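Chemist:
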Amino acid sequence: MSYLQTELRTVTELDHVRIYNLVRRQSGMVGGDITEVIDNADLVRSEEIPANVVTMYSQVLVADVHSGEQRKLTLCYPADANPAAGFISVLSPVGASLLGLPVGAIASWTAPDGTRVAAQVQDILFQPEASGDYMS
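Structure (structure tokens):
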């Protein structure tokens, strides 16, 4: 059972197309949670995405809602993922839970061991679109 919440999501059209094509190329082996996110999100042009929304290659500060522990994460594609360094694949439960959320929202997912995890998006430290990069 998925613990992923899909409300309050805004995704750029470019991110939507790239993620959709990525999942399609994966031959259906992955993509359940992220497909649900992109299918239910409000789509906007890259130039119109609010600066407080998590997009691909955004660097975000999240805090565990129970412990308060903070972590800096960058949402990326699987080829660039390195969880130990904070680069989280959009196809992972954590990545799928973050995409399209605004600052202040709670990202929630089920960890591999079955535990429910929740973290608040506290800040967006970098968003490509806010810097004028509409193609990353």
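As numbered in the numbering used here, residues 676 to 811 make up the sequence shown, in order. A virtual CB, placed ideally from N, CA and C, is assigned to each residue, including glycine. Please read these numbers as outputs of a predicted model, since none were measured by experiment.
1. At which residues does the alpha helix (DSSP H) containing V698 begin and terminate?
2. Identify every run of the beta strand (DSSP E) within the region 698-755, keeping only runs that are complete inside it and at least 3 residues long; order them along the chain.
3. Among Q745, D808, I763 and F762, which residue has its Cα nearest to the Cα of V794?
4. Taking the C-alpha atoms as reference points, what is the distance between V728 and V778?
5. Once the 5 residues before and after V655 are set aside, which same chain residues still bring their CB inside 8 Å of it?
6. Would you kindly report the start and end of the unbroken alpha helix (DSSP H) that includes S772?
7. Apart from the five residues on each side of it in sequence, which residues of its chain come closer than 8 Å, Cβ to Cβ, to D798?
8. Contact check, E804 vs S721 under 8 Å by CB: the rounded distance?
9. Applying the 10 Å Cβ sphere with the 16-neighbour rule, what's the burial state of Q802?
10. Under DSSP, the beta strand (DSSP E) around R684 begins and ends at which residues?
11. Pull up the distance between the alpha-carbon of G672 and that of T785, whole angstroms please.
12. Measuring straight from C-alpha to C-alpha, what distance separates F762 and M731?
13. Mapping the DSSP letters down to three states, classify A786 as helix, strand or coil.
Modeler: From the atom records:
1. Position 23 of the sequence shown, counted from the first residue, corresponds to residue 698. Secondary structure note for V698: its alpha helix (DSSP H) is the uninterrupted segment E688 to R700.
2. 717-719, 734-739 and 745-751
3. If you number the sequence shown from 1, residue 794 lands on position 119. Checking the sequence, you will find Ala at residue 794 rather than Val. Among Q745, D808, I763 and F762, the Cα nearest to that of A794 is on Q745.
4. Mapped onto the sequence shown, residue 728 falls at position 53. Mapped onto the sequence shown, residue 778 falls at position 103. In this model, V728 and V778 are separated by some 6 Å (Cα to Cα).
5. Limits of the chain in this structure are 676 at one end and 811 at the other, which puts residue 655 out of reach.
6. Here residue 772 refers to the residue found at position 97 of the sequence shown. S772 -> alpha helix (DSSP H) spans P768 to L773.
7. Sequence index remark: in the sequence shown, residue 798 carries index 123 (1-based). Contacts found: V735, L736 and V778.
8. Counted from its first residue, the sequence shown places residue 804 at position 129. Counted from its first residue, the sequence shown places residue 721 at position 46. Sure, about 5 Å apart at Cβ, within 8 Å.
9. Taking the sequence shown and counting its residues from 1, the one referred to as residue 802 is at position 127. Flag for Q802 reads buried.
10. In the sequence shown, the residue the question calls residue 684 occupies position 9. Where R684 is concerned, there is no enclosing beta strand (DSSP E), given that its DSSP letter is neither H nor E.
11. In the structure as shown, the chain begins at 676 and stops at 811. Residue 672 is therefore absent and cannot be evaluated.
12. Looking up residue 762 in the sequence shown gives position 87. Looking up residue 731 in the sequence shown gives position 56. Whole-angstrom Cα-Cα distance: 11 Å.
13. Sequence index remark: in the sequence shown, residue 786 carries index 111 (1-based). In this structure, A786 counts as coil in the three-state DSSP scheme.
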